[in-house]
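Visitor:
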Amino acid sequence: MKKSEFQFTSPAVTALEFLVNEAFDVEKNSKVGISTSFSRSIHQAENAPEALVEITIEVGTKGEKAPFFLSITIGAHFKWEEGVYTDEEIQGLLSQNAVSLLIAYARPIIASITNASPFNAYNLPFINLTEADR
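As structure tokens, then:
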């Protein structure tokens, strides 16, 4: 097994908000779907082979229509060896691989926080990272 030339620092949660809708009636609204939105930001350094990648995931909505609202932002610094990857490969690594890694770190945090609420744990579904930014 060979160590990758593409590495990262430990991901860190930089923002977290969780609100429970205490007026939400689970029995009346048992079929209400929970919306999920996702965004990513990639800040690539100009003079070094590194970038800061952050994602924000929002689950539910504020107000009466959802059982809860959760927003989490998590990010990490990514570095790679110069000359190993093309610019196109770097863009793919940052926009898909790095983001996928951050989602993997966010997923159990989301499940743990929502499990501690009056509702069941929310398991973040897979996100298609091959499409353009949403």
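The end of the sequence shown is residue 121 by the numbering used here, with every number in the run present.
Beta carbons are placed, not taken as given, at the ideal position from N, Cα and C, and that holds for glycine.
Compare the Cα-Cα distances from residue 99 to each of 116, 65, -7 and 3 and report the closest residue.
Guide: Measuring from the Cα of residue 99, the nearest candidate turns out to be 3.
Visitor: CB residue 59 to CB residue 93, shorter than 8 Å?
Guide: Contact flag set, yes.
Visitor: Return the residue from the list 70, 96 and 66 that minimises the CA-CA distance to residue 45.
Guide: Of 70, 96 and 66, the residue nearest in Cα terms is 96.
Visitor: By DSSP, does residue 121 sit in helix, in strand, or in coil?
Guide: Per-residue confidence for residue 121 stands at a pLDDT of 43, beneath the threshold of 50, marking its modelled position as unreliable; the derived number appears in the next sentence. The answer is coil: DSSP assigns residue 121 none of H, G, I, E or B.
Visitor: At the level of alpha carbons, what is the spacing between residue 23 and residue 103?
Guide: Cα to Cα, residue 23 sits roughly 19 Å from residue 103.
Visitor: Beta carbon of residue 42, beta carbon of residue 116: below 8 Å?
Guide: Their beta carbons are not under 8 Å apart, which means residue 42 does not touch residue 116 by this criterion.
Visitor: Could you name the residues that DSSP lists as bridge partners for residue 31?
Guide: Beta-bridge pairing links residue 31 to 38.
Visitor: Less than 8 Å between the C-beta atoms of residue 63 and residue -3, yes or no?
Guide: Yes, Cβ-Cβ distance for residue 63 and residue -3 is below 8 Å.
Visitor: Where does the unbroken beta strand (DSSP E) through residue 58 begin, and where does it stop?
Guide: Segment 55 to 67, the beta strand (DSSP E) holding residue 58.
Visitor: Quick check: what's the CA-CA separation for residue 86 versus residue 25?
Guide: Rounded to the nearest angstrom, the two C-alpha atoms are 11 Å apart.
Visitor: Mind checking residue 35: buried by the 16 CB within 10 Å criterion, or exposed?
Guide: The residue is exposed, with fewer than 16 neighbouring Cβ atoms inside 10 Å.
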